[in-house]
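Add 106 to the 1-based position in the first sequence for our numbering, that's all there is to it. Cβ atoms here follow ideal geometry from the backbone N, Cα and C, with glycine treated the same way.
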Amino acid sequence: MKDLSYNPGSIEKKWQAKWDADQLYRSVIDNSRPKHYALTMLPYPSGDLHIGHWYAMTPSDARARFKRMQGYNVLFPMGFDAFGLPAENAAIKDGVHPMKRTRQNIERMRKQLRSMGAMFDWEREAVSSDPEYYRWTEWFFIQLYKAGLAYRKMSPVDFCPHCNTTLAREQVWGDDRHCERCGTPVIKKDLEQWFFKATQYADELLRFEGIDWPERVKTLQTNWIDRSEGASVIFKTEAGNHDVEIFTTRPDTLWGATFMVFAPEHSLVDEVTSPEQKAAVEEYKVQAARQSDIQRGAVDKEKTGVFTGGYAINPVNGARIPIWIADYVLMSYGTGAIMAVPAHDERDFAFAKKYDLPIIPVILPEGQSEAVVGDEAYIGAGVMVNSGMLDGTPVNTEKGRKNPSIAKIIDWLEEKGVGKESVNYRYRDWLISRQRYWGSPIPMVHCDIHGWNPVPEDQLPVTLPEDVEWKPTGESPLKLHPTWKNTTCPICGGPATRETDTMDTFMCSSWYHLRYLSPHYDKGPFDEEEYNYWMPVDTYTGGIEHATMHLLYTRFFHKAMRDIGITEGHEPMLQLRNQGMVLGEDNEKMSKSRGNVIAPDILVDKYGADTVRAYLMFFARWDMGAPWDSQGIEGSARWIRRVWTLFTDPQNASGSAGTASDETKRNLRRKVHQTLKRVTRDFENFEFNTIVSSLMELMNEMYKAREAGAVGTDEWKEAQEIYLKMMAPVAPHIAEELWVDYMGKPYSIHQQQWPVVDEAAAKEDVIEIPVQINGKVRDRVTVAADASEADIKSAVMASEAVQKHLEGKEPKKVIVVKGKLVSLVV
RNA sequence: GCCGAAGUGGCGGAAUAGGCAGACGCGCACGACUCAAAAUCGUGUUCCCUACGGGAAUGAGGGUUCGAUUCCCUCCUUCGGCACCA
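Now the structure itself:
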């Protein structure tokens, strides 16, 4: 006797154990089948899987399962991004070693992940903090170094005083320039740090050909890189005849340059400063250095500056123009020096007005007879004036060579050798060094004689020492270790010291999709045979918050490795889809402090994983997300239970089995195939909410068909079979249970082929067509689906309601859209 | 300021070639079952009106069209990103 009540706890445990024992989700190379690499972003092992993980992973899993049923050999791996600050910060508090804590957390999260019933291939699990993993993170660093793409430089870098480490530019967020992780405003520190030359790939990173990524992500990356076309121009200093290179997007306004501004940190400031101005310049420099970037960056701040007493020579006309320093010029963009054209630049205009500097207009606006200095800078189109050889050239608002005036001056500058066409980016090289312990070591050694050199590759990995002291000093705990940093120079064998900073964890996650291919491979970062079969990633799913971080780093990494000869193709991930966010019931972001966190473990205990999965797919558009609704999940729970009842208890139907009319059977079959068509399409398009609603609709139809005596008919059996197959990716446990135990079908439903739509069955044979009169629906007529225009027309004219609304008049126009609608114009 | 996304019932949302707005679900109301409640099942549920009929309605206004949630223009609001970037 079967248990008639739905008991998800025992069903789910039973099948998870069996799938595991049978290695049902093991993915191995199979050249006879097309492959599909479905990747979802790996979690940081915080110790608890939250509802956001479920929201990202279970629909991704459902789609991977769908692809598998479609005949693809699907790889859907999982792992842990296990290095990082939280474990180390916790260690500072309670002394528990990050490795120990991380292992415990992973152990717990593996269990939670298994409770999802996802098709993860655990044999391919990769953990970035394992030496067998970070050995290759180090190895990649060395490959970048050898290719000239990793370098060390002293520069003012962003430092989070709370996390006690430097951050990459991408990890500094918002108006107040706070740390992406902890929210603390960052400060500047002058430090020698390792960088990757990401800017070398700026132009290529702006191209997205051949990848199907959301416009949103492409826009974010494009804005982040912020390519700016213009020219670089060489000015000479009067004192010392030094070259001063400036970048400008408006080289055509060179004749209007009436002064020059250096950033206070510019290297030539001391050279050009006159003895009389020295004191004032020094004072301004000190004051600017004391101000944070935030203060300096305040948009509405009044501009300040100091005259250096020095002059520069304008290369186009030999004009002698004063050099000022001002903090509105930033050392971090362009060359840290600008030519100031107050007539045609708002900032320069404000500065010139304040310090009474000359303003020379060089663009005559359209429709005006004379170029005059107005109340603000003129940045529109017109004709060049006061500009020597450029006079009379039209100016538009285009950037770069698309603007005739800019094209002309660039040619001229290049011919004279005083400037050239140039492109600038806001994008910076990737700062890799972190002053922390719990990260992949940077495998570099410093010797007083031979400088920096990589650790020989056969000596990798450089492993983290276990006996370290946790102190929040702002320096790497590795530096404070008594012996770890002492080593020998790989060139001369003499005494040398190791790099004690560790790598940004985004380095680890830039290649995890490659480690999944062969997580225990020890002859390289991945087994080439696996690479050739599985790569590139076909679908990648995860949050949009990584648009300018992980997703940009990964693209850079792949392109750099392609050029080094390690990877193939131009992009690592062909298709990207982002899920939205599950908010708390109060419509706020979930957080412990708000007390609005929804714990998936509790939901699984109460409803079972299948219901949680179904609700997460159903309750919102996946790419949008929505606030959690703890009453809403009851709807999904009801659906699952009603499906259970429909399959396990067909006898309680009032209609007697097998007595259904031909029409009932035909209608059932039509609904089944129409649903199959929609579900198939929606799975392709990541539209999970309508998959579940279509399945709910079909279930409602099946209940009606059951009442009408459909149970026992061939159509009913087909409906049941197709229903479970469509349901299997969404609710894998109940689908398996009903498939094997109640329908007596061969195990496993997850190895079945996705059903094929019978188009003929899906077709309607009688349709109801709305009739519009002057744009308003006045009646509906029922006609055969393939009725001709003439037939439809006569059916319409026969309608009483139509005749009533026509009031005896002949319609001026009759539009018949076959199979859709009839529109009459009176 | 610049760039992007989004505005549809009380709520989440559907409408995927410009063709019946509100599928599916939540909530709510009423009914059945029950001593009662829960669960379950059934019916109804955009708004307005003089209500077996009619009107309005997809952020606002305009346009194209026989016909617009869908296409075009101008706004408004919300969210996200960037911002003294030369």
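Quick one: is Val718 buried, meaning 16 or more other Cβ sit within 10 Å of its Cβ, or exposed? buried
Where does Asn530 fall in DSSP's three states? strand
With 16 other CB atoms within 10 Å as the buried threshold, where does Arg132 fall? exposed
For the beta strand (DSSP E) that Tyr417 lies in, which residues bound it at each end? Gly411 to Ile419
Do you know offhand how far Asp711's Cα is from Asp644's? 34 angstroms
Between the alpha carbons of Tyr251 and Asn693, how many angstroms are there, rounded? 47 angstroms
DSSP puts Val883 in a beta bridge; with which residues? Gln878
Among Phe457, His142 and Pro151, which residue has its Cα nearest to the Cα of Gln681? His142
Which term fits His839, buried or exposed, when burial requires 16 or more other beta carbons within 10 angstroms of its beta carbon? buried
Simplified DSSP assignment, three categories, for Arg333: strand
Residues sharing a beta bridge with Asn592, DSSP: Thr603
Have a look at the DSSP bridge pairing and note the partners of Val551. Asn559 and Arg604
Check whether the stretch 564–576 touches the stretch 296–313, taking contact to mean three or more Cβ pairs, one atom from each stretch, closer than 8 angstroms. no
Does the beta-carbon of Pro588 have 16 or more other beta-carbons within 10 angstroms, so that it is buried, or is it exposed? exposed
Delimiting residues of the alpha helix (DSSP H) encompassing Thr243: Pro237 to Lys252
Looking at the structure shown, is Gly630 part of a helix, part of a strand, or coil, going by DSSP? coil
What is the residue span of the beta strand (DSSP E) that Asp768 lies within? Taken as a continuous stretch (DSSP letters only), Asp768 belongs to no beta strand (DSSP E), being part of the alpha helix (DSSP H) at Asp768 to Glu790.
How far does the beta strand (DSSP E) with Lys259 in it extend, from its first residue to its last? Ala256 to Cys266
Are there 16 or more other CB atoms within 10 angstroms of the CB of Thr290, so buried, or fewer, so exposed? exposed
Starting from Ser929, follow the alpha helix (DSSP H) in both directions and report where the run begins and ends. Here Ser929 belongs to no alpha helix (DSSP H); instead the beta strand (DSSP E) covers Leu927 to Val931.
Distance between Ala232 and Glu563 (C-alpha atoms, nearest Å): 21 angstroms
Limits of the unbroken alpha helix (DSSP H) element including Gly686: Segment: none, Gly686 is in no alpha helix (DSSP H) and carries neither H nor E.
Just verifying my parser: in three-state terms, what is the DSSP assignment at His656? helix
Could you give the first and the last residue of the continuous beta strand (DSSP E) run that contains Lys295? Ile293 to Phe302
Relative to the C-alpha of Ser338, which candidate in Asn530, Glu636, Ile746 and Asp610 has its C-alpha closest? Asn530
Could you check which residue in Lys409, Gly362 and Glu344 has the C-alpha nearest to that of Glu377? Glu344
For Ala446 versus Met366, is the C-beta spacing smaller than 8 angstroms? yes
With a threshold of 7 angstroms (Cβ to nearest heavy atom), would Pro560 be considered close to the ligand GDP? Absent from the structure shown: the ligand GDP. Ligands present: none.
Just checking my contact of Ser221 with Ala715 at CB under 8 angstroms: how many whole Å lie between their CB atoms? 6 angstroms
Taking all protein chains shown into account, do 16 or more other C-beta atoms lie within 10 angstroms of the C-beta of Thr765, making it buried, or fewer, making it exposed? exposed
Nearest-angstrom Cα separation, counted from Lys585 out to Ile198: 16 angstroms
Is it the case that the Cβ atoms of Trp558 and Ala304 are separated by a distance below 8 angstroms? no
What do you reckon, are the CB atoms on Arg540 and Asp497 nearer than 8 angstroms? no
Pick helix, strand or coil for Asp535, following the three-state DSSP scheme. coil
Determine whether the beta carbon atoms of Ile704 and Ala720 lie at a separation below 8 angstroms. no
Pro114 lies in the alpha helix (DSSP H); which residues open and close that run? Pro114 to Ala127
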